[in-house]
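Numbering (the numbering used here), first residue to last: 191 to 400. A short worksheet on the structure shown next.
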């Protein structure tokens with residue numbers, strides 16, 4: 191029996207909190223609080239004019255991502271990575287995954303020379319933080335891009351489609367989706383699936399545990 195009696199193909203309740211005009215936070219161009227059950231992630235999208243040096247003069251934009259967990263988002267306190275002086279390998283992997291998934295949803299040429307940074311901060315972790323981050327960051331990104339259109343900086347919205355993600359794993363020999371924390375320690379293989387609303391897979395990552 192899975193937590194909360196869920197069937198193997200049943201996801202937890204998903205909630206996205208924001209309004210198109212005020213977002214979830216005051217200052218970011220796009221922001222949303224995403225909840226996958228008890229997992230809660232604050233996702234913001236920030237717009238800057240200009241692009242990284244390797245893209246200058248190419249007439250296209252860039253989307254990057256940063257990911258972090260609050261010290262007490264987990265059962266026991268974890269020190270901030272900033273206090274350690276460097277990011278862990280897991281953090282860097284997740285940041286790259288989020289950025290790749292969301293770049294696949296945007297026409298970077300149509301974006302022009304703007305850089306959008308997606309910040310995903312885990313407030314509470316109960317499994318699926320990276321898939322929740324991708325899903326929430328997509329909504330924050332869509333709102334930020336729409337503001338560029340409304341402010342006259344872009345003629346059309348470069349968003350090609352929305353992206354959502356869910357985890358899939360093997361627990362006790364059975365395939366299940368949207369794993370909670372208590373299930374994460376039981377799986378043999380897990381995959382994060384990211385899909386555009388046009389039914390195109392934008393990215394997936396597989397990890398094997400022995």
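We put the beta carbon where it would ideally sit given N, CA and C, even for glycine.
Within a 10 Å sphere around the beta-carbon of residue 362 sit fewer than 16 other beta-carbons, which makes this residue exposed. Within the stretch 296-347, the beta strand (DSSP E) runs of at least 3 residues that lie entirely inside it are, in chain order, 304-314. For residue 231, the pairing in a beta bridge is given by DSSP as 224 and 312. Per DSSP, residue 251 lies in no alpha helix (DSSP H) and is assigned neither H nor E. In this structure residue 320 is in contact with residue 287, their Cβ atoms being roughly 6 Å apart against a cut-off of 8 Å. The stretch 235-245 and the stretch 311-319 do not touch, with fewer than three beta-carbon pairs separated by less than 8 Å. Selection 301, 367, 380 and 375 evaluated against residue 201 yields 367 as nearest (Cα-Cα). For residue 365, the enclosing beta strand (DSSP E) has its first and last residue at 364-367. Boundaries of the beta strand (DSSP E) harbouring residue 359: 353-361, taken from the DSSP string. Shown here, residue 219 sits in coil according to DSSP, grouped into three states, outside any helix or strand.
Listed as beta-bridge partners of residue 238 by DSSP are 305. The DSSP-derived three-state label of residue 257 is strand.
In the structure shown, the three-state DSSP call for residue 204 is strand. Of all C-beta pairs linking the stretch 346-359 to the stretch 284-300, three or more are shorter than 8 Å, placing the two stretches in contact. If you look at residue 279, you'll find it in the alpha helix (DSSP H) that goes 279-293.
The DSSP-derived three-state label of residue 386 is strand.
Taking the C-beta atoms as reference points, residue 322 is found no nearer than 8 Å to residue 222.
Contact between the stretch 275-286 and the stretch 243-250 is not established, with fewer than three Cβ pairs separated by less than 8 Å. Contact between residue 327 and residue 308 holds: CB atoms are separated by about 4 Å, below the 8 Å threshold. Check the Cα spacing between residue 338 and each of 325, 374 and 300: the tightest is with 300. The beta carbons of residue 231 and residue 310 sit about 6 Å from each other, so the pair counts as a contact at 8 Å.
Contact between residue 370 and residue 227 holds, since their C-beta atoms are separated by about 7 Å, short of 8 Å.
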